[in-house]
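Residue numbers (this note's numbering): 18 to 242.
Virtual Cβ for every residue (Gly too), placed ideally from N, Cα, C.
The model shown is predicted, which means the values in this text are computed figures rather than measured ones.
One structure is given here, and the rest of the page talks about it.
Laid out in structure tokens, this is it:
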């Protein structure tokens with residue numbers, strides 16, 4: 018009986034690997050949304066523990082994060098500076114977690130939510146359709162990963178000029194390219210609804226879709242073999 022126990026456990030894991038993934042990974046992805054809820058309830062200790070753990074996986078810059086239980090879902094850098102510290106130092110900015118008036122920051126940035134959340138959501142879509150769709154070609158994977166690489170690298174280069182001072186903060190190039198067809202809030206900054214915000218959301222979702230579509234068929238085949 019002892020000899021069959023490991024085999025039975027392996028068989029159970031093979032049958033339920035996706036459910037385990039969905040639950041465990043889903044908890045990992047969505048736990049950062051508990052931090053503002055816990056802050057709202059006055060449970061600062063558990064909330065700060067979540068902020069601390071996820072600070073190793075995310076820059077947590079407040080101007081590129083969502084806020085809950087406040088006046089708005091996102092705030093511009095000047096708005097953050099007005100209620101926190103007038104600084105462009107990312108090591109200082111990332112420490113801001115919110116106030117009772119403006120709300121509390123989610124422990125993931127918007128890009129991390131779209132990327133990690135995109136993997137989780139894409140997996141939920143892939144699983145019931147897995148026998149109907151073909152495996153993703155490596156070139157298509159590269160095509161889906163390229164946007165997040167370009168967006169991330171250009172943000173990194175832009176931030177070298179200082180947070181809020183780079184070419185991705187003004188997007189003058191985009192305004193000229195589109196002949197100023199949109200409002201200034203679309204071009205400037207990182208708030209929800211801006212060009213930068215849309216790019217982080219969309220490129221994260223594309224990358225998550227590509228990773229699942231390419232990797233999960235191989236993972237499934239390996240586990241079931």
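query = In angstroms, rounded to a whole number, what distance separates the CA positions of residue 245 and residue 207?
reply = Only positions 18 to 242 of the chain appear in this structure, which leaves residue 245 out of reach.
Give the DSSP bridge partners of residue 85, in chain order. Looking at the DSSP assignment, residue 85 forms a beta bridge with 121.
Quick one: give me the first and last residue of the alpha helix (DSSP H) that residue 217 is part of. In the DSSP annotation of this structure, the continuous segment of the alpha helix (DSSP H) that includes residue 217 starts and ends at 212-241.
Self-check item: Beta-carbon proximity check, residue 120 vs residue 226, cutoff 8 Å
Solution: Contact: no.
### Message
Considering Cα atoms alone, identify which of 127, 101, 61, 151 is closest to residue 217.
### Response
Residue 127 is the option with its Cα nearest to residue 217.
Next on the checklist: At the level of alpha carbons, what is the spacing between residue 230 and residue 112?
Outcome noted: Roughly 36 Å separates the two Cα atoms.
Is the distance from the Cβ of residue 182 to the Cβ of residue 105 below 8 Å? Contact: yes.
Practice problem: Whole angstroms is fine: what's the gap from residue 211's alpha carbon to residue 179's? | Solution: Their Cα atoms are separated by approximately 19 Å.
Once DSSP output is grouped into helix, strand and coil, what is the label at residue 183?
Note: residue 183 maps to coil in three-state DSSP.
Close-in-space but distant-in-sequence residues of the same chain around residue 209 (CB under 6 Å, 5 per side omitted): Cβ-Cβ distances below 6 Å link residue 209 to 90, 91 in the same chain, with the five nearest sequence neighbours on each side left out; the list follows chain order.
* How should residue 116 be labelled, buried or exposed, when 16 other C-beta atoms within 10 angstroms of its C-beta is the threshold for buried? -> Exposed, since its Cβ has fewer than 16 Cβ neighbours within 10 Å.
Check your understanding: Can you tell me the Cα-Cα spacing of residue 110 and residue 214, whole angstroms?
Key -> One C-alpha to the other measures close to 18 Å.
- With a Cβ-Cβ cutoff of 8 Å, do residue 56 and residue 48 count as a contact? In this structure, residue 48 does not lie closer than 8 Å to residue 56 by Cβ.
Cβ neighbours of residue 42 in the same chain (closer than 7 Å, five flanking residues each side left out): So the list reads 137, once near-sequence residues are dropped.
- Query: For residue 123 versus residue 85, is the C-beta spacing smaller than 8 Å?
  - Reply: Between residue 123 and residue 85, the CB-CB gap stays under 8 Å.
Name, in chain order, the residues that DSSP records as bridge partners for residue 116. In the DSSP output, where bridge partners are listed per residue, residue 116 has 120.
Check residue 175 in the structure and name its three-state DSSP category.
The answer is helix: DSSP assigns residue 175 an H, G or I state.
Which value, in whole angstroms, describes the spacing of the CA atoms of residue 235 and residue 96? Spanning the two alpha carbons is a distance of roughly 46 Å.
* **Bridge-paired residues (DSSP) for residue 126** => DSSP lists 82 as partners of residue 126.
ask   = Can you tell which of 224, 205, 194 has its C-alpha closest to the C-alpha of residue 165?
value = Check the Cα spacing between residue 165 and each of 224, 205, 194: the tightest is with 224.
Among 26, 34, 72, which residue has its Cα nearest to the Cα of residue 141?
The candidate whose alpha carbon is nearest that of residue 141 is 34.
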